[in-house]
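Trainee: Last residue of the sequence shown: 342 (full-length UniProt numbering), numbering continuous. Mind looking over this structure? Questions follow.
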Amino acid sequence: MSFRSDFLQQLPHLTAATFEAAALALFRHQAIHCPPYAEYLATLGRTRQGRTQLGSIPTVSRLVDIPFLPIEFFKSHEVRTEPPEWAPEEEFLSSGTTLQQRSRHLVRDPALYRENAARIFEHSYGPLTGWTFLALLPSYLEQGQSSLVAMVDYFAQQSGQTQPAFFLHDHAALRAALRRAKQEPNRRVMLIGVSYALLDFAAATGPAPELQGLTVLETGGMKGRRREMIREELHQELQLAFGPAGIHSEYGMTELLSQAYSLGDGRFHCPAPLRVLLREPSDPFSVADYRPDGAINVIDLANVDSCAFIETKDLARMHPDGGFEVLGRMDNSDVRGCNQLV
Numbered sequence: 001m002s003f004r005s006d007f008l009q010q011l012p013h014l015t016a017a018t019f020e021a022a023a024l025a026l027f028r029h030q031a032i033h034c035p036p037y038a039e040y041l042a043t044l045g046r047t048r049q050g051r052t053q054l055g056s057i058p059t060v061s062r063l064v065d066i067p068f069l070p071i072e073f074f075k076s077h078e079v080r081t082e083p084p085e086w087a088p089e090e091e092f093l094s095s096g097t098t099l100q101q102r103s104r105h106l107v108r109d110p111a112l113y114r115e116n117a118a119r120i121f122e123h124s125y126g127p128l129t130g131w132t133f134l135a136l137l138p139s140y141l142e143q144g145q146s147s148l149v150a151m152v153d154y155f156a157q158q159s160g161q162t163q164p165a166f167f168l169h170d171h172a173a174l175r176a177a178l179r180r181a182k183q184e185p186n187r188r189v190m191l192i193g194v195s196y197a198l199l200d201f202a203a204a205t206g207p208a209p210e211l212q213g214l215t216v217l218e219t220g221g222m223k224g225r226r227r228e229m230i231r232e233e234l235h236q237e238l239q240l241a242f243g244p245a246g247i248h249s250e251y252g253m254t255e256l257l258s259q260a261y262s263l264g265d266g267r268f269h270c271p272a273p274l275r276v277l278l279r280e281p282s283d284p285f286s287v288a289d290y291r292p293d294g295a296i297n298v299i300d301l302a303n304v305d306s307c308a309f310i311e312t313k314d315l316a317r318m319h320p321d322g323g324f325e326v327l328g329r330m331d332n333s334d335v336r337g338c339n340q341l342v
């Protein structure tokens with residue numbers, strides 16, 4: 001059995017106790033078999049003449065010692081782990097303006113992404129079959145090749161819902177769909193939306209009965225369409241339209257095949273395949289087991305075919321229980337991704 005096959009068999013059964021061993025095994029594999037990552041490690045002196053030094057890679061015995069690949073590599077390189085050689089069955093692109101180069105995540109097995117995303121969702125929210133999903137993601141739909149759109153579409157298919165999931169700018173149609181969905185017995189309704197579109201919908205609709213009692217999942221980011229605001233302000237405005245219940249959030253990005261959820265308290269909690277560590281924003285090699293605030297380094301073990309160890313431009317506050325709050329982005333970084341609030 002290949003390393004990949006064996007690793008993917010373990011992925012659905014990961015626990016906090018087994019995460020570190022799995023991550024270190026994947027690091028040693030990708031340090032050799034992911035060419036952009038191997039090249040990056042070479043610049044750090046961890047390889048010599050294109051071949052891994054067996055005296056250096058095995059000495060990485062802790063997660064905090066792993067070098068993380070700068071997220072910009074997903075713009076400048078085809079980040080894939082081989083052998084064997086494989087052609088992507090799907091390609092996800094990040095959101096961004098027309099002047100920005102978009103990140104590319106080459107996906108060897110689209111089912112791996114969708115099934116992993118569903119497993120993570122169900123761990124937090126229960127079976128997909130108990131939900132009706134309605135989505136207000138205009139910029140993602142218009143730009144195309146969005147991992148978020150692919151995820152929501154899969155959730156809607158698996159839920160068995162009878163009505164369409166996606167709406168662009170037709171607020172009246174979305175309002176009618178919410179009204180119908182709330183009348184269905186034994187189903188909960190989730191409205192998933194990018195922040196600016198949810199605010200536009202709330203402003204156009206105002207407080208209304210069909211907006212009460214929903215689970216609202218904001219994916220963050222104004223995409224240049226509205227003034228940026230801190231999360232607390234955003235959630236307060238959304239609660240005026242959708243009621244006093246907490247507004248939920250998702251933390252994800254094109255470069256990840258896993259996502260974290262905040263269930264209304266502003267704190268994200270990592271699912272089994274995901275781990276967030278913080279570093280000093282000015283020092284990429286200052287990763288710590290626990291740091292109260294800093295820039296996010298993320299380990300996503302579902303990225304078995306790309307790179308699992310990514311240095312992001314996001315800023316966060318870490319809590320002792322492992323939950324984290326996303327505070328915004330580092331100066332001069334692109335406006336992109338899900339849940340990027342300044």
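Cβ atoms here follow ideal geometry from the backbone N, Cα and C, with glycine treated the same way.
1) Would you identify the three-state DSSP class for N297, choosing helix, strand or coil?
2) Taking the C-alpha atoms as reference points, what is the distance between E85 and K313?
3) Whole beta strand (DSSP E) runs in the region 261–290 with 3 or more residues, listed along the chain?
4) Between R4 and L11, what straight-line distance do the alpha-carbon atoms span, to the nearest angstrom?
5) Would you list, in sequence order, the uninterrupted beta strand (DSSP E) runs of no fewer than 3 residues that lie entirely inside the region 43–126?
6) Express the C-alpha separation of T132 and E184 in angstroms, rounding to a whole number.
7) Is the beta carbon of L168 sitting closer than 9 Å to the one on L199?
8) Is F7 near F309, with beta carbons less than 9 Å apart?
9) Does the contact criterion of 3 or more C-beta pairs under 8 Å hold for the region 290–307 versus the region 93–108?
10) Which stretch, first to last residue, makes up the alpha helix (DSSP H) that contains I230?
11) Starting from E311, follow the beta strand (DSSP E) in both directions and report where the run begins and ends.
12) If we count the other Cβ atoms within 10 Å of its Cβ and call it buried at 16 or more, is Y261 buried or exposed?
13) Identify which residue in F242, L277, R119 and F166 has its Cα closest to the Cα of residue 344.
14) Do three or more CB pairs link the region 89–103 to the region 248–256 at distances below 8 Å?
15) Per DSSP, which residues does Y196 bridge with? Please list them.
16) Roughly how many whole angstroms lie between the Cα atoms of V152 and S249?
17) Quick check on this structure: which residue in G96, F92 and R119 has the alpha carbon closest to the alpha carbon of H13?
18) Quick check: what's the CA-CA separation for A23 versus G213?
19) CA-CA distance, Q9 and A25?
20) Roughly how many angstroms lie between the CA atoms of L141 and E20, to the nearest whole one?
Mentor: Checking against the coordinates, here is how it stands:
1) In the structure shown, N297 sits in a strand (DSSP, three-state: E or B).
2) Inter-residue distance for E85 and K313 is about 30 Å (C-alpha atoms, whole angstroms).
3) If we require 3 residues or more, the beta strand (DSSP E) runs fully inside the region 261–290 come out as 274–279.
4) Cα-Cα distance, rounded: 10 Å.
5) If one requires a minimum length of 3 residues, the beta strand (DSSP E) runs lying completely within the region 43–126 are 90–93 and 104–107, in chain order.
6) Approximately 9 Å between the Cα atoms of the pair.
7) No, they are not a contact pair.
8) In this structure, F7 keeps its C-beta atom at 9 Å or more from the C-beta atom of F309.
9) Note that the region 290–307 touches the region 93–108; at least 3 beta-carbon pairs, one per stretch, sit closer than 8 Å.
10) That residue, I230, is in no alpha helix (DSSP H); it is neither H nor E in DSSP.
11) Segment F309 to M318, the beta strand (DSSP E) holding E311.
12) The residue in question, Y261, is buried, as its Cβ has 16 or more Cβ neighbours within 10 Å.
13) This structure leaves residue 344 out entirely; the chain is present only between 1 and 342.
14) Counting C-beta pairs closer than 8 Å gives three or more between the region 89–103 and the region 248–256, which meets the contact rule.
15) Answer is none; Y196 lacks a bridge partner.
16) The C-alpha of V152 lies about 14 Å from the C-alpha of S249.
17) Of the listed residues, the one whose Cα sits closest to H13 is R119.
18) Just so you know, the alpha carbons of A23 and G213 end up roughly 40 Å apart.
19) Distance from the CA atom of Q9 to the CA atom of A25, rounded to whole angstroms, is 14 Å.
20) In this structure, the CA atom of L141 is about 37 Å from the CA atom of E20.
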